Amino acid sequence: MDAAVSSFNTRILLPLLASIVAITPLAIDMYLPAMLVIANDLQTSMPNVQISLSIYLAGYSLGMLFFGPIADQIGRRKLAKIGLTLFGASSLALAFTTEIHAFWILRAIQAFTGAAATVVVPGIIRHMYQKNTAKGMSYVSMIMMIAPLLAPSIGSLILGVSLWSTIFLVLAAYSFIILAFVQVYLIDIPIHTNEKKGLALFFDSYKIILSNKEARADILSSMFVSFGFFCFLTSVPFVYLDLFKVSEQLFGVLFAFNVMALMFGNFLNTRIVPRIGSRKMLYYGLICGLLSGGALLTFSLLHMPLYYIVASIAPLMMSLGITASNADSLILMKFEKNTGTATAVIGTLRFGSGALVGPLLAIMHAKSAVPFSSLMFSAVVLTILVQWFHYLKDKKNASL
58 MDAAVSSFNT RILLPLLASI VAITPLAIDM YLPAMLVIAN DLQTSMPNVQ ISLSIYLAGY
118 SLGMLFFGPI ADQIGRRKLA KIGLTLFGAS SLALAFTTEI HAFWILRAIQ AFTGAAATVV
178 VPGIIRHMYQ KNTAKGMSYV SMIMMIAPLL APSIGSLILG VSLWSTIFLV LAAYSFIILA
238 FVQVYLIDIP IHTNEKKGLA LFFDSYKIIL SNKEARADIL SSMFVSFGFF CFLTSVPFVY
298 LDLFKVSEQL FGVLFAFNVM ALMFGNFLNT RIVPRIGSRK MLYYGLICGL LSGGALLTFS
358 LLHMPLYYIV ASIAPLMMSL GITASNADSL ILMKFEKNTG TATAVIGTLR FGSGALVGPL
418 LAIMHAKSAV PFSSLMFSAV VLTILVQWFH YLKDKKNASL
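Going letter by letter, the sequence shown gives residues 58 to 457 in this note's numbering.
Structure representation (structure tokens):
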């Protein structure tokens, strides 16, 4: 075991940190099967219920922006407890909502407060793993991926035996159970004192992150990779269910296969990154992404059968997992005193880029897999260009 983590009980801490992060995919994915039922029960249209998903993403992004610097000021453990408590309370309120506008407001509150809990996780991982932060991030991501893998099935199961409101009662119970474990097991990390307080410290924290030229390439890389992931997440129901006419059961299997490829990428990262470092591992991930993304676009242009599409998406998802973990860890390693704010910047750009996917796909809409394939391939190419310019700049500085 690495010396940096030998003093921590990782068998408890890593699953706990993953469980905290998992509130986001659970809150997003568990209620998807119930959208039509919610629309009927609240006497509104399906698009109005779908808006609640965009509201959640927007609320979560704002929450990351707001709570990132606060995590650096008051400590991670305290903020995680506040976030989980308020997330649970808003989930309870959602279970008793009878009107769509109240549903929107409570979803925004649920997302905003949930961000207070999740924003603390990368800073704790960085404190535990130091130079091997990418390894810790991959472990947590690998465990956390169980949530989106199972969430739609859990939602469907609950809907089969109970009301849609039970989904939000389960989310509330989950957050309160995690809160109990946080109270007992979650460590805190040192808070770096600063002469500035309040809003001055809040804005100064963001100035430190955004003015760091060395971090910009990795921040942009994290954003572009996330954009690629949201392209998959947004498009896969259309591609599998509508375009290739697979059954709902087969859709679940194919979706799980893609998520498992993402998990496998994170597993590979934990094995290899301590030996070669995050930067090289990021490059290897991009090479894999370029090859698989190019194959996906080619197969889509040629209107190849489904298994060609699935076979190219799997390594592409694996490469996205590898690239994202290493880009995020390279960012965090540059900001020991501002990991909360750095996490907020990463999260906001990540979900902000995801918000662009829907409109772009609507503009490019076609009865084929070409729009989403071209966007995913473009995300990989843009990431490679950003990293290439960063490499040339480092090489130039080294020669001076």
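Virtual Cβ for every residue (Gly too), placed ideally from N, Cα, C.
Remember, predicted model here, so these are calculated numbers, not experimental data.
Query	Result
Three-state class that DSSP yields for Ile-265 in the structure shown	helix
For Glu-156, three-class secondary structure by DSSP	coil
Contacting residues, own chain, Cβ-Cβ under 6 Å from Ala-371 (five flanking each side not counted)	Ala-318
Spatially closest choice to Ala-208 from Ser-268, Phe-392, Ala-313, Leu-348, by CA coordinates	Ala-313
Closest Cα partner of Ile-69 within the set Leu-449, Ser-349, Ile-244, Glu-271	Ile-244
At least three beta-carbon pairs within less than 8 Å, the stretch 165-172 to the stretch 104-116	yes
Of the residues Ser-369, Ile-203, Lys-337, Val-227, the one placed nearest Gly-351, counting alpha carbons only	Ser-369
Cβ-Cβ distance between Ala-84 and Ile-139 below 8 Å	no
Extent of the continuous alpha helix (DSSP H) to which Thr-380 belongs	363-389
CB contact flag (Leu-343, Thr-190, <8 Å)	no
Gly-125, enclosing alpha helix (DSSP H) - first and last residue	103-131
Within 8 Å, strictly: CB atoms of Ile-224 and Trp-161	no
Reduced DSSP category for Val-177 - H, G, I as helix; E, B as strand; rest coil	coil
Val-177 versus Ala-412, Phe-429, Gly-404, residue with shortest Cα-Cα distance	Gly-404
Buried versus exposed, by CB contacts within 10 Å (16 or more), Lys-192	buried
Length of the line joining the Cα atoms of Ser-278 and Asn-66	32 Å
Leu-141 beta carbon less than 8 Å from that of Leu-236	yes
Cβ of Ser-435 within 8 Å of any chain C Cβ	No chain C appears in the structure shown, which is made up of a single protein chain.
CB of Ser-376 within 8 Å of CB of Gly-346, strictly	yes
Proximity below 8 Å, CB of Thr-440 to CB of Phe-281	yes
Contact between the stretch 90-103 and the stretch 212-220 (3+ Cβ pairs under 8 Å)	yes
7 Å Cβ shell around Ile-182 - same chain, five flanking residues per side excluded	Leu-74, Thr-190, Gly-193, Met-194, Val-197
Pairwise C-alpha distance: Leu-290 and Leu-432	12 Å
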